[in-house]
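Take 96 as the starting number for the sequence shown in my numbering and just add one per residue.
Note that beta-carbon positions come from the ideal geometry of N, C-alpha and C, so glycine has one too.
Treat the numbers as computed from the prediction; the structure is a model and nothing was measured.
Below is one structure, written out as structure tokens; comments come after it.
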Amino acid sequence: NIYTLKARDILKKSYPKVISPVLKDREIKDFNITNPIDWEKIKIAMKKSPNRLEELAQKYKSAETLGIYSYIKEKASKYRVPYYPMPYPDVMKKFNKKRKAILYAIARQESRFVPASISTSYALGMMQIMPFLIKELSKKRHKKMDMNKIFDPRVAISYANQHMNYLKSWLYHPLFIAYAYNGGIGFTRKRLRTKHLFRKGKYEPYLSMELIDYRESREYGKKVLANYVIYLNLLGVPTKISPLLDVLLHPSKTDRVRK
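This is the structure:
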């Protein structure tokens, strides 16, 4: 988490090691990564046989199911071994490293890279995009979107990247982008314009991060920020979390919401 990373900065220690598997592609019989029912079957299998997770993971040891494999492996370790997969490089290679890092950071938090994921609030796909937003993004593309297509991870990445372009036009910092991806741009604007949040003062910016009133976005933002730092390092961009925390108190460098 961000506090562990910050503590290691202060102590001048390296960050904890993580696993980012690279797998060969192979066909997995009787499984469709875009089918939510197939994903539900895996969830049932994990719950039914918690002592056989390693065996289950091997079944999905393939580049195309890298997210599912990593999720099961991490669960098998009882979350003691952190996995940070980087799937679908054929799509991600189109983006610069910072864009890759934020998309990976969000996907890891949203769905653990499960393409057919559906949340209880009906957010869809690997990038967990709400249906109303899919429709809005499709309209801007001048095309009608079949909602089932968002379960294709490459389509999901494309739509998330499109949305990211909009968020980046207002927000420059990964923490604020995470707030907006989770809670919406309106939610984020309102919080940033609150006079007591993210201003210079004692205990900042940590106090402001803990005072975000919507718990889901509060915790989500911190986790995505930590993911972002880890992914940048995995992508070959040496990054410490301290500068990213320090800059939060300088509005001109983090957003164009505040004046």
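Requested in this report: In angstroms with no decimal places, state the Cα-to-Cα distance between residue 163 and residue 290.
Outcome: Translated into the one-based positions of the sequence shown, residue 163 becomes position 68. Translated into the one-based positions of the sequence shown, residue 290 becomes position 195. The alpha-carbon atoms of residue 163 and residue 290 are separated by roughly 42 Å.
Query raised in the report: Which class does residue 224 belong to by DSSP, given the choice of helix, strand or coil?
Result: Here residue 224 is taken as the residue at index 129 of the sequence shown, counted from 1. It is a strand residue.
Query - Sequence-distant residues of its chain with Cβ nearer than 8 Å to residue 230 (five each side left out) - result: Counted from its first residue, the sequence shown places residue 230 at position 135. Correct list, in chain order: 240.
Report task. Classify residue 223 as buried or exposed, calling it buried when 16 or more other Cβ atoms lie within 10 Å of its own Cβ. Result -> As a first step, residue 223 must be located in the sequence shown, where it is residue number 128. The residue is buried, with at least 16 neighbouring Cβ atoms inside 10 Å.
Query raised in the report: Would residue 204 be called buried (16 or more neighbouring beta carbons within 10 Å of its own) or exposed?
Result: Position 109 of the sequence shown holds residue 204. It is buried - the Cβ of residue 204 has at least 16 other Cβ atoms within 10 Å.
Query raised in the report: Could you give the distance in angstroms between the alpha-carbon of residue 252 and the alpha-carbon of residue 322?
Result: Start at 1 with the first residue of the sequence shown, and residue 252 comes out as number 157. Start at 1 with the first residue of the sequence shown, and residue 322 comes out as number 227. Distance between the alpha carbons of residue 252 and residue 322: 17 Å.
Requested in this report: Tell me residue 266's beta-bridge partners as DSSP assigns them.
Outcome: Counted from its first residue, the sequence shown places residue 266 at position 171. Residue 266 is bridged to 350.
Report task. Leaving aside the five residues before and after residue 350 along the sequence, list all residues of the same chain whose C-beta is less than 8 Å from its C-beta, in chain order. Result -> Here residue 350 refers to the residue found at position 255 of the sequence shown. These residues qualify, in order along the chain: 265, 266, 267, 268, 271 and 287.
Requested in this report: Using beta-carbon positions only, say whether residue 300 and residue 344 come within less than 7 Å of one another.
Outcome: Here the question's residue 300 lines up with position 205 in the sequence shown. Here the question's residue 344 lines up with position 249 in the sequence shown. For residue 300 and residue 344, yes; Cβs fall inside 7 Å.
Query raised in the report: In chain order, which alpha helix (DSSP H) runs of at least 4 residues are fully inside the region 199 to 262?
Result: 226 to 235
Query raised in the report: Since residue 315 and residue 273 are thought to touch, with beta carbons under 8 Å apart, how far apart are those beta carbons, to the nearest angstrom?
Result: Within the sequence shown, residue 315 is the residue found at index 220, counting from 1. Within the sequence shown, residue 273 is the residue found at index 178, counting from 1. Contact flag correct, Cβ pair sits at about 6 Å.
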